[in-house]
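Be aware that the sequence shown starts at 671, since it is given in the numbering used here, and climbs by one per residue.
Glycine included, each C-beta is placed from N, C-alpha and C at the ideal position.
Predicted, not measured: the structure shown is a model, and the values here were computed from it.
Structure record follows, encoded as structure tokens.
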Amino acid sequence: MPAAVLGGLGTYLPPRRVSNEELADRFDTSDEWIRTRTGIRQRRWADTGQSTGDLATEAGHRALKSAGLDLGADVDLVVLATTTPDHPCPATAPDVAARLGLSRAAAYDISAVCSGFVYALEVASNALLAGRAQTALVIGAETYSTILNPQDRTTSVIFGDGAGAAVLRRGEADEPGAFAGFDLGSDGNDKDLICIPDGGSRQRATHQEPGDDGRYFTMQGKKVFASAVRRMSESSAALLDRVGWPVDSVDHLVGHQANVRILRAVAEQIGIEAARAVIDIDRVGNTSAASIPLALAEASSAGTVAPGDRVLLTAFGGGLTWGSAALTWPDITAC
Ligand code: COA
């Protein structure tokens, strides 16, 4: 039976490390508060002039390398998940595809905030299963540092910049790396819990200039926390049921790195021991659409995941949106 198969993984983190101590000099916060409430010790922020497309191109290049492909390879589809595109128009993916020499690829962005990478994986997987593509490049890339409100200590300590990319190819369901299934969902009734109020047609239709604060990312943390735990747990359980994987057969839970307390609560609700949850939020913060591929690469490089292991991905983000994916781990080296 045909399936989408993970064939390569690449990541890029901007060099600038931002420690909790640095943020404590700037905001009314402390290393202790950030560590105990979120699990974050440091994050990376892009340098001046470094855009989401720049990060995405670097991660995409490394993913191609990990899959044994060169620049200009025969890739049919590039899907870029991001909350922070280079421009409101056009999408960032075509530029990234061009910079990677993927001249014959269809390329577009997906906007599902922190769930974006799982959404993009599902879309690419469907194209492969339908025979519309043989090889796809799926990227999650963000520069949240460009949308954080410098007056908001809560969001400013949580989010980081980075990019991760995966090469998917059309293969067989019984080979390591095959995706067994996906579960996606949304609830737009809670769209205001995570939002950049201005800059879109809702604000422009009022013929008023964007407000200073309205340009920035806003989040109602407590409500988001509760929703994230509930939706990721429910989505994971629904997917495991659909693909017929008993919960104790899951070797690794790779959840969206939103908050270490959220990750522990999701593991507990699903019934997966905390030690099987991959955690890298301490080093990179919440990197939104880049969070899942960065955590996957971290687990791969650390030797935590082995070929054939069962891996459950689950994410939650603005929209609200959520999504889960199940795959067996392939024999690849992340670059
Ligand atoms: N430093 C110090 N204190 C801070 C702070 C900071 N950086 N940010 C908020 N606080 C304060 C608040 O002002 C509040 O003070 P008060 O009690 O005097 O009013 C107190 O800490 C508790 O705030 P609260 O929002 O209740 O904290 P919390 O335990 O819910 O933690 C988050 C806040 C943001 C860390 C947590 O809600 C969270 O992680 N939410 C989900 C975030 C997320 O995952 N976002 C991405 C979604 S995909």
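Got a sec: does the ligand COA put a non-hydrogen atom nearer than 8 Å to the Cβ of Val783? yes
Can you grab the Cα-Cα spacing for the pair Ala673 / Asp695, in whole Å? 50 Å
Out of Glu691, Leu734 and Val917, which one is the CA nearest neighbour of Glu938? Considering only alpha carbons, the answer is Val917.
Taking 8 Å as the threshold, find out whether the segment 944 to 961 comes into contact with the segment 921 to 930 through three or more Cβ pairs. yes
How is Ala726 classed by DSSP in three states: helix, strand or coil? helix
Gln890 to Gly742 span [Cα, whole Å]: 43 Å
Three-state secondary structure (DSSP) of Asn956: strand
Beta strand (DSSP E) containing Pro672: first to last residue? Pro672 to Tyr682
Quick check on the DSSP output: the beta strand (DSSP E) that includes Arg839 runs from which residue to which? Gly832 to Glu842
Straight-line CA distance for Arg712 to Asn690? For the record, residue 712 in the displayed sequence is Gln; it is not Arg. Gln712 and Asn690: Cα-Cα distance of roughly 6 Å.
How do the segment 982 to 1000 and the segment 846 to 859 stand: do at least 3 beta-carbon pairs fall below 8 Å, yes or no? yes
What separation, rounded to the nearest whole angstrom, lies between the Cα atoms of Phe887 and Ser897? 18 Å
With the cut-off set at 9 Å, would you say Gly830 and Ser736 are in Cβ contact? no
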